[in-house]
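*Asks:* Below you'll find the structure I mean.
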Amino acid sequence: MGFAACTLASSFWGCGFFFGKIALAEMNFAHMVLYRFLFAMVPLAPLLATHRPHLNRKEWGVLFAASFLGVPLQFLLQFYGLSMTTVSHAALMVGTMPVILAVGATIFAHERMDRTGWIAMAASTCGAALIALGGRHAGSSSLAGDLLIVASLFIALFWILFNKQLMERHSHIVITTYGLALGTAMLLVWVPLQYGLPPVAHISLKVWLALAGSGLLCTATTTLLWNWGLTQVPASQAGVLLNMEPLIGSLLGVIVLGEHLGPDAWTGGALILGAAILLTTRSRTRVREQLPV
Numbered sequence: 004m005g006f007a008a009c010t011l012a013s014s015f016w017g018c019g020f021f022f023g024k025i026a027l028a029e030m031n032f033a034h035m036v037l038y039r040f041l042f043a044m045v046p047l048a049p050l051l052a053t054h055r056p057h058l059n060r061k062e063w064g065v066l067f068a069a070s071f072l073g074v075p076l077q078f079l080l081q082f083y084g085l086s087m088t089t090v091s092h093a094a095l096m097v098g099t100m101p102v103i104l105a106v107g108a109t110i111f112a113h114e115r116m117d118r119t120g121w122i123a124m125a126a127s128t129c130g131a132a133l134i135a136l137g138g139r140h141a142g143s144s145s146l147a148g149d150l151l152i153v154a155s156l157f158i159a160l161f162w163i164l165f166n167k168q169l170m171e172r173h174s175h176i177v178i179t180t181y182g183l184a185l186g187t188a189m190l191l192v193w194v195p196l197q198y199g200l201p202p203v204a205h206i207s208l209k210v211w212l213a214l215a216g217s218g219l220l221c222t223a224t225t226t227l228l229w230n231w232g233l234t235q236v237p238a239s240q241a242g243v244l245l246n247m248e249p250l251i252g253s254l255l256g257v258i259v260l261g262e263h264l265g266p267d268a269w270t271g272g273a274l275i276l277g278a279a280i281l282l283t284t285r286s287r288t289r290v291r292e293q294l295p296v
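Spelled out as C-alpha cells, the structure:
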C-alpha cells in the first residue's frame with residue numbers, strides 16, 4: 004500500500020504541469036500558484052480542526068522553514084520556469100529528482116555513493132543538459148525555463164528532508180495539512196503585494212477546472228498520499244516511483260498539447276529515467292530514514 008500510495012502521488016504530480024499550462028494561458032504564474040493552493044486547502048481545512056498539532060517551538064520552526072521552501076519558493080520558481088518552457092520539457096527535467104535526493108543524502112547525511120551512484124548522477128546530468136540545450140531549437144521551450152525547473156527541485160529536496168524528519172514524530176496528516184496551510188498563508192501575503200489581486204472575471208471554465216484539478220488532485224491528494232507512503236516504505240525505495248511524474252507529464256505534453264520533442268530531448272529523457280532507475284535499484288547508496296536538519 005505504501006508503494007501504491009507513492010505511485011499514485013507521483014502520477015498525479017505528473018498532471019500538475021499540464022493543468023498549470025492551461026491556466027497560464029489566462030493568468031500569470033503567481034496567480035495560478037495562489038489559486039492552486041487555495042483549491043488545495045478546501046478539503047484540507049477541516050483537518051486543521053480534527054488534527055491538533057503537538058509541535059514544540061523548534062519543530063514549528065522546522066515546519067515553517069519547510070513550508071516556505073516547499074510552497075511559495077519552490078512553486079513560484081517552478082511555474083515561472085514552466086511559463087518559459089514546455090510541459091514535456093518541464094516534466095522530463097523532474098526526472099533528475101531521485102538523483103538530487105541521492106546527492107542530498109551524500110552531503111547532508113554524510114553518505115557516500117558507490118560507483119554505480121556516481122555513474123547514474125553523471126548520466127542524469129547529461130540527460131538534463133541534452134533536454135535543456137535541445138530545447139533551444141524547439142521554439143516554445145527555453146534553456147532558462149528548464150534550468151529554473153531544476154533549481155526548484157533542489158529547493159524541494161530540503162522540503163522533503165524537513166518533512167521526513169518531522170513525520171518521524173508526528174502524523175503525516177498534521178505535517179501535510181499545517182505545512183500547506185502555512186505555505187498558502189505566505190502566498191496570500193506575497194502574491195497580492197507583488198503581483199496584484201488575482202483575476203476573477205473573464206476566466207474560462209476550462210481554466211477554473213484546471214486550477215481545481217491542480218489544487219485538489221495534484222496538491223492536496225498527492226501530498227497526503229506521498230507523505231503517508233513515506234511512513235510505510237523507505238524514502239530510497241520510494242524515490243524510483245518519482246519517475247512516474249516525468250513519464251505522465253511528458254506524455255500529456257506530447258499527446259494532448261501536441262508539443263514536439265526533438266531527438267536530444269528523447270535521448271535526455273531516456274538518460275534521466277534510466278539513471279534514476281539505476282540509482283534506486285542497483286546502487287548500494289541509500290537515503291537514511293533519519294536525516295538531520
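To convert, count from 1 in the sequence shown and add 3; that's this note's numbering. The beta carbon of each residue, even a glycine, is placed where N, CA and C say it ideally should be.
(1) Quick one: Cα of leucine 212 to Cα of threonine 180, how far?
(2) So what's glutamine 235 in DSSP terms, helix, strand or just coil?
(3) For the segment 254 to 270 against the segment 14 to 21, do three or more pairs of beta-carbon atoms, one drawn from each stretch, fall closer than 8 Å, so that the two count as touching?
(4) How about glycine 5 and glycine 84: do their beta carbons lie closer than 7 Å?
(5) Counting pairs of beta carbons, one from the segment 182 to 196 and one from the segment 60 to 80, are three or more of them closer than 8 Å?
(6) Note down, in chain order, each residue of its chain lying with its Cβ closer than 8 Å to the Cβ of phenylalanine 67, except the 5 sequence neighbours on either side.
(7) On the three-state DSSP scale, how would you describe threonine 89?
(8) Using beta-carbon positions only, say whether methionine 30 and proline 202 come within less than 7 Å of one another.
(9) By alpha-carbon positions, which one of Glu248, Leu95, Val177 and Ala28 ends up nearest to glycine 265?
(10) What three-state label does DSSP hand leucine 260 in the structure shown?
(11) Let me know if alanine 125 comes out buried or exposed under the rule of 16 or more other beta-carbons within 10 Å of its beta-carbon.
(12) Rounded to whole angstroms, what's the CA-CA distance from alanine 215 to phenylalanine 32? Just pull it up for me.
(13) Are alanine 278 and alanine 123 closer than 7 Å when you measure CB to CB?
(14) Expressed to the nearest angstrom, what Euclidean distance is found between the alpha-carbon atoms of alanine 26 and arginine 118?
(15) Using three-state DSSP, classify asparagine 166 as helix, strand or coil.
(16) Taking contact to mean at least 3 C-beta pairs separated by less than 8 Å, is the segment 157 to 168 in contact with the segment 36 to 49?
(17) Specify whether the segment 164 to 183 and the segment 54 to 69 touch according to this definition: at least 3 beta carbon pairs, one from each stretch, less than 8 Å apart.
(18) Smallest Cα separation from serine 13: which of Gly130, Ile206 and Leu228?
(19) What's the gap between the Cα of serine 217 and the Cα of leucine 169?
(20) Output the distance between the C-alpha atoms of glycine 98 and valine 45, rounded to the nearest integer angstrom.
(21) For glutamine 197, count neighbouring C-beta atoms within 10 Å of its own C-beta (all shown protein chains included) and say buried if the count is 16 or more, exposed if not.
(22) Out of curiosity, what's the CA-to-CA distance linking leucine 11 and leucine 200?
(23) Under 7 Å between the Cβ atoms of asparagine 230 and histidine 173?
(24) If I follow the unbroken alpha helix (DSSP H) through leucine 27, where does it start and stop?
(25) Which residues in the same chain as lysine 61 place their Cβ atom closer than 7 Å to its Cβ, once the five residues preceding and following it in sequence are excluded?
(26) Please confirm whether threonine 225 and phenylalanine 42 have their CB atoms less than 7 Å apart.
*Replies:* By the coordinates alone:
(1) Start at 1 with the first residue of the sequence shown, and residue 212 comes out as number 209. Start at 1 with the first residue of the sequence shown, and residue 180 comes out as number 177. If you take the alpha carbons of leucine 212 and threonine 180, they lie about 23 Å apart.
(2) Counting from one through the sequence shown, the residue named residue 235 turns up at place 232. Reduced to three states, the DSSP call for glutamine 235 is coil.
(3) yes
(4) Here the question's residue 5 lines up with position 2 in the sequence shown. Here the question's residue 84 lines up with position 81 in the sequence shown. No. Outside cutoff.
(5) yes
(6) If you number the sequence shown from 1, residue 67 lands on position 64. Excluding sequence neighbours, phenylalanine 67 sits near Leu185.
(7) The residue labelled residue 89 in the question sits at position 86 within the sequence shown. Note: threonine 89 maps to coil in three-state DSSP.
(8) Your numbering for residue 30 matches position 27 in the sequence shown. Your numbering for residue 202 matches position 199 in the sequence shown. Result yes, Cβ atoms of methionine 30 and proline 202 sit closer than 7 Å.
(9) Here residue 265 is taken as the residue at index 262 of the sequence shown, counted from 1. Among Glu248, Leu95, Val177 and Ala28, the Cα nearest to that of glycine 265 belongs to Leu95.
(10) Taking the first residue of the sequence shown as 1, we reach residue 260 at position 257. Three-state DSSP puts leucine 260 in coil, outside helix and strand.
(11) As a working mapping, residue 125 is identified with position 122 in the sequence shown. Answer is exposed; the Cβ neighbour count stays below 16.
(12) Stepping through the sequence shown from its first residue, residue 215 is reached at position 212. Stepping through the sequence shown from its first residue, residue 32 is reached at position 29. Computed Cα separation, rounded: 15 Å.
(13) Within the sequence shown, numbered from 1, the residue matching residue 278 stands at position 275. Within the sequence shown, numbered from 1, the residue matching residue 123 stands at position 120. A contact, by the Cβ cut-off of 7 Å.
(14) Walking along the sequence shown from the start, residue 26 turns up at place 23. Walking along the sequence shown from the start, residue 118 turns up at place 115. Answer to the nearest angstrom: the Cα atoms are 43 Å apart.
(15) As a working note, residue 166 is residue 163 in the sequence shown. In the structure shown, asparagine 166 sits in a helix (DSSP, three-state: H, G or I).
(16) no
(17) yes
(18) As a working note, residue 13 is residue 10 in the sequence shown. Selected option, being the one with the closest Cα: Leu228.
(19) For the purposes of this step, residue 217 is taken as the residue at position 214 of the sequence shown. For the purposes of this step, residue 169 is taken as the residue at position 166 of the sequence shown. One C-alpha to the other measures close to 25 Å.
(20) Indexing the sequence shown from 1 puts residue 98 at position 95. Indexing the sequence shown from 1 puts residue 45 at position 42. Using only the alpha carbons, I get a separation of about 30 Å.
(21) Walking along the sequence shown from the start, residue 197 turns up at place 194. Label assigned to glutamine 197: exposed.
(22) Along the sequence shown, one-based indexing puts residue 11 at 8. Along the sequence shown, one-based indexing puts residue 200 at 197. Spanning the two alpha carbons is a distance of roughly 34 Å.
(23) Within the sequence shown, the letter at position 227 stands for residue 230. Within the sequence shown, the letter at position 170 stands for residue 173. No, these two residues do not count as a Cβ contact at 7 Å.
(24) Numbered from its first residue, the sequence shown carries residue 27 at position 24. Here the alpha helix (DSSP H) through leucine 27 covers 19 to 27.
(25) Position 58 of the sequence shown, counting from 1, holds the residue named residue 61. Excluding positions up to five away in sequence, the list is empty.
(26) Counting from 1 along the sequence shown, the entry for residue 225 is found at position 222. Counting from 1 along the sequence shown, the entry for residue 42 is found at position 39. Not a contact, by the Cβ cut-off of 7 Å.
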